[in-house]
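>
There are 2 protein chains.
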Amino acid sequence: MPEFFHDKRLYYTPIEFALSHLGGTWKMPILWRLQEKAQRFNELKKDIPHITDKMLTSQLRELESKGLINREIFPVIPPKVEYSLTKKGMKAIPIIETIMKYGYDLIQDAGIEFPPKKA
Amino acid sequence: MPEFFHDKRLYYTPIEFALSHLGGTWKMPILWRLQEKAQRFNELKKDIPHITDKMLTSQLRELESKGLINREIFPVIPPKVEYSLTKKGMKAIPIIETIMKYGYDLIQDAGIEFPPKKA
DNA sequence: ATTTAGACTATCCAAAAGGTAAGTATAGAA
DNA sequence: TTCTATACTTACCTTTTGGATAGTCTAAAT
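Chain order of the listed sequences is A and B.
Take 1 as the starting number for the first sequence in the UniProt record's numbering and just add one per residue.
Take 1 as the starting number for the second sequence in the UniProt record's numbering and just add one per residue.
(1) Out of A:F114, A:E113, A:G111 and A:I107, state which residue places its alpha-carbon closest to the alpha-carbon of S20 of chain B.
(2) Can you list, in chain order, the residues of its chain whose CB lies under 7 angstroms from that of I51 of chain B, leaving out five sequence neighbours each side?
(3) Assign T13 of chain B to one of two classes, buried (16 or more other C-beta atoms within 10 Å of its C-beta) or exposed (fewer than that).
(4) Nearest CA to the CA of L60 of chain A: which residue from A:F17, A:G89 and A:V76?
(5) Where does the unbroken beta strand (DSSP E) through L10 of chain B begin, and where does it stop?
(6) Starting from E3 of chain B, find everything on chain A with Cβ-Cβ shorter than 8 angstroms and list it in chain order.
(7) Identify the continuous beta strand (DSSP E) that holds F4 of chain B and give its terminal residues.
(8) Leaving out five residues before and five after residue 137 of chain B in sequence, what residues of the same chain have Cβ atoms less than 6 angstroms from its Cβ?
(9) Is there contact between the stretch 34-42 of chain B and the stretch 80-88 of chain A, where contact requires at least three CB pairs shorter than 8 angstroms?
(10) When we look at the beta-carbon of L22 of chain A and count the other beta-carbons within 10 Å, is it buried (16 or more) or exposed?
(11) Could you pull the start and end residues of the beta strand (DSSP E) that I51 of chain B belongs to?
(12) Opposite L85 of chain A in the DSSP bridges: which residues?
(13) Taking only three categories from DSSP, how would you classify F74 of chain B?
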């Protein structure tokens, strides 16, 4: 039985475990944007097309709970909160880059026109 | 609008597109096992713990429709069908390897004991 | 006559993921 | 006094994903 339990969930493979950290529509685009510098909630929101408040909040919370990002609260009004990569989060960047490049290759292969942007 | 339509679906990023090819619980474990040689349905089934007939069938169909694997039918009874990687499928292998290694790293990080097996 | 093999298909269901829309708190600006 | 900014929360749905279970087809073996 090469499977294992962690945080109330059963995983069958390391791949599944990796995807629990990076998978879904939003986690990688968020992490990617934090690689340069810390960002505020609304900066991320403006920079990531289509994401809703709810999704952004929930994904940030998941990334934080898995230790990939830091959340720093500035006690001012209106509120200010900054998100940044942890060391663990930085380790994800090359993986994301690999997947992104693969995605671009697939897009090329499929003959789709797509602007080479940031994620 | 850096997003695009393809095959009746809307994608926002290359990452999403890549995950539509490799994402989910089963696609990468399946592809990984085809890298050495073609495999039959029941060989894959025995080699991939926990996968059900339905999941194996549906994932093989998806991989085939995206051009990552070939399906060869031998007209005998009982039926014999072999699955193998296409050139496009082979391009996915290094990506899967990267993700798998990352998964192992995360497992180490989390202090989980896990046997270094095949996917 | 029944069982077996191999590769499925068909239903039905439960859980997870993700989207819509509205509401909250606070202080300063208009 | 109403409005604005910021970072959320809550409730409610719909869609997608995945799991359980049973059934199908054919010919040969028992």
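For each residue, glycine too, the CB sits at the ideal point set by N, CA and C.
Being a predicted model, the structure only gives us computed values, none of them experimental.
Short version:
(1) Numbered from 1 along the second sequence, position 20 holds the residue referred to as residue 20 of chain B. Residue A:I107 is the option with its Cα nearest to S20 of chain B.
(2) Stepping through the second sequence from its first residue, residue 51 of chain B is reached at position 51. Excluding sequence neighbours, I51 of chain B sits near W26 and K45.
(3) Your numbering for residue 13 of chain B matches position 13 in the second sequence. Counting the other Cβ atoms within 10 Å of the Cβ of T13 of chain B gives 16 or more, which makes it buried.
(4) Residue mapping note: residue 60 of chain A aligns to position 60 of the first sequence, counting from 1. Nearest C-alpha to L60 of chain A: A:G89.
(5) Taking the second sequence and counting its residues from 1, one reaches residue 10 of chain B at position 10. Here the beta strand (DSSP E) through L10 of chain B covers R9 to Y11.
(6) The residue labelled residue 3 of chain B in the question sits at position 3 within the second sequence. What E3 of chain B touches in chain A: P49 and H50.
(7) Your numbering for residue 4 of chain B matches position 4 in the second sequence. First-last of the beta strand (DSSP E) with F4 of chain B: F4 to H6.
(8) Summary: the structure shown does not reach residue 137 of chain B, with chain B confined to residues 1 through 119, and so no result is reported for it.
(9) No, the stretch 34-42 of chain B is not in contact with the stretch 80-88 of chain A.
(10) Sequence index remark: in the first sequence, residue 22 of chain A carries index 22 (1-based). L22 of chain A comes out buried.
(11) For this step, residue 51 of chain B is matched to residue 51 along the second sequence. No beta strand (DSSP E) holds I51 of chain B; DSSP gives it neither H nor E.
(12) Within the first sequence, the letter at position 85 stands for residue 85 of chain A. In the DSSP output, where bridge partners are listed per residue, L85 of chain A has A:I69.
(13) As a working note, residue 74 of chain B is residue 74 in the second sequence. Strand.
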